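Chains as they are written, first to last, in my numbering: chain W, 7 to 214; chain D, 385 to 730. Quick reminder that beta carbons are idealized off the backbone N, C-alpha and C, glycines included. Note that the structure is predicted; figures quoted are calculated from it, not measured.
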Amino acid sequence: MSIEHQILRAPLVQSVDWRFLLPLSQNDTVLFVGDQSNELKKAFEELGVPAATWPTISPAEISSDLRESTFNIVAVPYGMASDRRQGQSDRIAIYRTVRPLLKPGGVLLLGFTNVFLGNENKIPAARPGQIRRMLRSAGYVKIDFYGVYPNLMIPEYIFPLKFSPFLFTMDFHLRNRLPGTLLRILSNRIVFVGISNLIPAYFAVAKT
Amino acid sequence: MAASFLDKLSLALMSMGDLPEQLQPEIPVDWLILTNGEAEPDDNIILFGFKANKSIPTWVAKVPRSPKNAWMLQIEYDRLRDAWQCLGSQAGFRLPEPLALLTLDTQPVLIMSYLNGTSLLRTSSARFWRNTNQIRGLFVDAAQALREMNEHTAALVSQHAVLSSFLPKIHRFQEVFVLSEREKAAVNEIIALQTVQASGVTHKVLLQGDFWHGNIVRGKPHGKLMLLDWQYSRWSRDVSLDVYMFLLSAALTAVPRRTDEERAEDAVKILLQWRTEILPAYLSAYGRPADYGLLPARHGLLLCCIEKAVRSVIDFGYSQKGDSVWRVLFSKLVDLSEGSGFYDGI
Numbered sequence: 007m008s009i010e011h012q013i014l015r016a017p018l019v020q021s022v023d024w025r026f027l028l029p030l031s032q033n034d035t036v037l038f039v040g041d042q043s044n045e046l047k048k049a050f051e052e053l054g055v056p057a058a059t060w061p062t063i064s065p066a067e068i069s070s071d072l073r074e075s076t077f078n079i080v081a082v083p084y085g086m087a088s089d090r091r092q093g094q095s096d097r098i099a100i101y102r103t104v105r106p107l108l109k110p111g112g113v114l115l116l117g118f119t120n121v122f123l124g125n126e127n128k129i130p131a132a133r134p135g136q137i138r139r140m141l142r143s144a145g146y147v148k149i150d151f152y153g154v155y156p157n158l159m160i161p162e163y164i165f166p167l168k169f170s171p172f173l174f175t176m177d178f179h180l181r182n183r184l185p186g187t188l189l190r191i192l193s194n195r196i197v198f199v200g201i202s203n204l205i206p207a208y209f210a211v212a213k214t
Numbered sequence: 385m386a387a388s389f390l391d392k393l394s395l396a397l398m399s400m401g402d403l404p405e406q407l408q409p410e411i412p413v414d415w416l417i418l419t420n421g422e423a424e425p426d427d428n429i430i431l432f433g434f435k436a437n438k439s440i441p442t443w444v445a446k447v448p449r450s451p452k453n454a455w456m457l458q459i460e461y462d463r464l465r466d467a468w469q470c471l472g473s474q475a476g477f478r479l480p481e482p483l484a485l486l487t488l489d490t491q492p493v494l495i496m497s498y499l500n501g502t503s504l505l506r507t508s509s510a511r512f513w514r515n516t517n518q519i520r521g522l523f524v525d526a527a528q529a530l531r532e533m534n535e536h537t538a539a540l541v542s543q544h545a546v547l548s549s550f551l552p553k554i555h556r557f558q559e560v561f562v563l564s565e566r567e568k569a570a571v572n573e574i575i576a577l578q579t580v581q582a583s584g585v586t587h588k589v590l591l592q593g594d595f596w597h598g599n600i601v602r603g604k605p606h607g608k609l610m611l612l613d614w615q616y617s618r619w620s621r622d623v624s625l626d627v628y629m630f631l632l633s634a635a636l637t638a639v640p641r642r643t644d645e646e647r648a649e650d651a652v653k654i655l656l657q658w659r660t661e662i663l664p665a666y667l668s669a670y671g672r673p674a675d676y677g678l679l680p681a682r683h684g685l686l687l688c689c690i691e692k693a694v695r696s697v698i699d700f701g702y703s704q705k706g707d708s709v710w711r712v713l714f715s716k717l718v719d720l721s722e723g724s725g726f727y728d729g730i
């Protein structure tokens, strides 16, 4: 069994480093949605942050205990994993359903894999542009994207999708794996635009 | 509007009024998070901070995954400040500059300058470890850099100075592991030798504490070796830990990653290969200190194995991945036959 699959079964403190992307303060409350919610809740509680869970991803099954303007963060770091195929309208409905649960200034964290990876581990794949459009349709205004390598469960690098940090990350990771000349060819802004669409996974941080 | 941890980190940089010009931030600062996903829960996360349109980071922030490990940052910050004071104008060529130790919400953060250069871990591929000339060159460079650092930090030991001692680690090693009679005898030799040696030592030096090629960067553009990761640093009368850890870590890196038993066995074979040329060149480049202690190779190598085998147990209460090979290596080094001549004269 790969490490990734082990982590999928039991997220550890190591696998929640994306928390640094979030406006998370002491006594803030977090809601985890979907697959692995209970395990993520435990990982956060180990860090001293209280969390609630909504293990299902069906908007129709939202718990009546969840009230509007309750959470500082709604986190779906492993995406909206589902046994059945979800269309865009299903996903927009979920994003729209969780939005009122956020306190003013709260954020939605959403992890998703790139389309070229397919829907491995049931994590839906998408392009950042598609996610941006869906989140906007659901009422989110400011959306920032971060590249994630090699995967969402045990990321090694999380970086803003900007040229300089991306270039450094690539050099840091590949300088011992690729010939210097190839690395230099890859290190320009035009190639960056192409490669930034080929990153294995992303986090979106969306504000209302 | 609530700010993320990364935003707060940028704001903290902005509020530091006394930064040198090259380290002064301009908003926005972009942060790359190096999480080392498979690392242990008690490890640190590294954040690289970039000025706009700069492809080389300007700052490094270290954050322990678990806030309870703030003590690690405190040690690193305090010892880096000590080292900067000792090295004076040379410090910028050898060490990151400690800028601040903060708590953002409940999360401790150490902010340092970024060392621009190439990590020796990245330049020493499998092919590197098959080239004797390259290995010797690296070893001599490392030994000279370490000695220079030690000479800069060496200071008279005051009568009431409380310095780090290896004894608690040795005692923990004896508690945690079942030792053979030969191993027990070797441990007792180290204790006796350290006690005798300490009485004749007049100076203390700043140990880096984790001196191996993974924590060394060849700086650009000056080409000098620069040292990272000072969280295990401390003042000591004896430099054996740094001098011999470099050798053992290199030997363990040069062999394939198999079982602990096989790795330790192979590392000892490598050390035997290095014994004729590389080890003497390394030890000679470091030299023999007159004012602070350096154990003979047998005891110094064993001392490193002891420290590395129990360090995580002492610090975190459990063994981390990779610790157990040091216990096995200890055993192999104790058992190196006297007929091998490995320890003769070193």
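Endpoints, the alpha helix (DSSP H) within which residue i is located
i: His597 (chain D); result: Per DSSP, His597 (chain D) belongs to no alpha helix (DSSP H) and is neither H nor E.
i: Thr579 (chain D); result: Glu565 to Ser583
Within-9 Å CB hit, residue i to chain W
i: Ala386 (chain D); result: yes
i: Pro441 (chain D); result: yes
i: Asp391 (chain D); result: yes
i: Asn599 (chain D); result: no
i: Pro451 (chain D); result: yes
i: Val444 (chain D); result: no
i: Thr502 (chain D); result: yes
i: Val447 (chain D); result: yes
i: Ser394 (chain D); result: no
Chain-ordered neighbours of residue i on chain W, where CB pairs are closer than 8 Å
i: Asp489 (chain D); result: Leu30, Ser31 and Gln32
i: Lys703 (chain D); result: The residue you asked about is not Lys; residue 703 (chain D) is Ser in the sequence shown. In chain order: nothing, as chain W lies at least about 17 Å away.
i: Ala572 (chain D); result: The amino acid at residue 572 (chain D) is misidentified as Ala; the sequence shows Asn. What Asn572 (chain D) touches in chain W: nothing, since even the nearest Cβ is about 40 Å away.
i: Ile429 (chain D); result: Asp23 and Phe26
i: Ser696 (chain D); result: Within chain W, no residue comes near Ser696 (chain D); the closest Cβ sits about 15 Å away, beyond 8 Å.
i: Ile509 (chain D); result: Correcting the residue identity first, residue 509 (chain D) is Ser in this sequence and not Ile. By Cβ distance, chain W contributes Asn182.
Listed by chain order, chain D residues near residue i by CB distance under 7 Å
i: Pro171 (chain W); result: Asp414, Leu416 and Phe434
i: Thr215 (chain W); result: A query on residue 215 (chain W) cannot be resolved here, the shown segment of chain W reaching from 7 to 214 and no further.
Residue interval of the beta strand (DSSP E) (run including residue i)
i: Glu664 (chain D); result: Note that residue 664 (chain D) is Pro in the sequence shown here, rather than Glu. No beta strand (DSSP E) contains Pro664 (chain D), which is instead part of the alpha helix (DSSP H) from Ile662 to Tyr670.
i: Ala545 (chain D); result: Counting along the chain, Ala545 (chain D) falls outside any beta strand (DSSP E), and DSSP gives it neither H nor E.
i: Tyr498 (chain D); result: No beta strand (DSSP E) contains Tyr498 (chain D), which DSSP labels as neither H nor E.
i: Ala638 (chain D); result: No beta strand (DSSP E) contains Ala638 (chain D), which DSSP labels as neither H nor E.
i: Trp60 (chain W); result: Ala57 to Trp60
Whole-Å CB distance - residue i paired with residue j, under 8 Å assumed
i: Arg478 (chain D); j: Met610 (chain D); result: 5 Å
i: Asp644 (chain D); j: Val709 (chain D); result: 4 Å
i: Asp675 (chain D); j: His587 (chain D); result: 4 Å
i: Ala212 (chain W); j: Asn157 (chain W); result: Their Cβ separation, rounded to whole angstroms, is 21 Å, which puts Ala212 (chain W) and Asn157 (chain W) out of contact at 8 Å.
i: Val413 (chain D); j: Val447 (chain D); result: With a Cβ gap of about 15 Å, Val413 (chain D) and Val447 (chain D) do not count as contacting.
i: Tyr498 (chain D); j: Phe432 (chain D); result: 7 Å
i: Tyr155 (chain W); j: Ile205 (chain W); result: 6 Å
Beta carbon proximity, residue i to chain D, threshold 9 Å
i: Arg25 (chain W); result: yes
i: Val151 (chain W); result: One detail in the question is off: residue 151 (chain W) reads as Phe in this sequence, not Val. Phe151 (chain W) does not count as touching chain D.
i: Val199 (chain W); result: no
i: Phe38 (chain W); result: no
i: Tyr163 (chain W); result: yes
i: Pro17 (chain W); result: Legend: pLDDT at Pro17 (chain W) = 46, less than 50; position of this residue unreliable, no value from coordinates given.
i: Lys168 (chain W); result: yes
i: Gly145 (chain W); result: no
i: Leu53 (chain W); result: yes
i: Val82 (chain W); result: no
i: Val1 (chain W); result: Residue 1 (chain W) is absent from the structure shown; chain W starts at 7 and stops at 214.
i: His11 (chain W); result: Model confidence at His11 (chain W) stands at a pLDDT of 36, short of 50, so the residue's coordinates are unreliable; what they give is reported in the following sentence. It does not: the Cβ of His11 (chain W) has no partner Cβ on chain D nearer than 9 Å.
Contact list for residue i against chain W, beta-carbon separation under 9 Å
i: Leu499 (chain D); result: Within chain W, no residue comes near Leu499 (chain D); the closest Cβ sits about 13 Å away, beyond 9 Å.
Where residue i meets chain D, residues with beta-carbon distance less than 9 Å
i: Asn78 (chain W); result: Ala386
i: Gly85 (chain W); result: Those do not exist, as Gly85 (chain W) stays about 17 Å from chain D at its closest Cβ, beyond 9 Å.
Under 9 Å by beta carbon: chain B residues contacting residue i
i: Arg506 (chain D); result: Among the chains of the structure shown, chain B does not appear; the protein chains present are W and D.
Per-residue contacts from residue i into chain W (C-beta, under 7 Å)
i: Asn437 (chain D); result: Ser170
i: Asn420 (chain D); result: Glu162
Distance cut-off 8 Å: residue i Cβ against heavy atoms of the ligand SAM
i: Ser633 (chain D); result: Absent from the structure shown: the ligand SAM. Ligands present: none.
Tell me which residues of the region 178-198 of chain W have at least one Cβ-Cβ distance to chain D shorter than 9 Å, keeping chain order.
Phe178, Arg181, Asn182 and Ser193
Between the region 94-117 of chain W and chain D, which residues of the former have CB atoms less than 7 Å from a CB of the latter, in chain order?
Gly111
Check distances from the C-beta atoms of the region 612-645 of chain D to those of chain W and list, in chain order, the residues that come in under 9 Å.
none
For the region 704-721 of chain D, list every residue whose C-beta sits within 8 Å of some C-beta in chain W, in sequence order.
none
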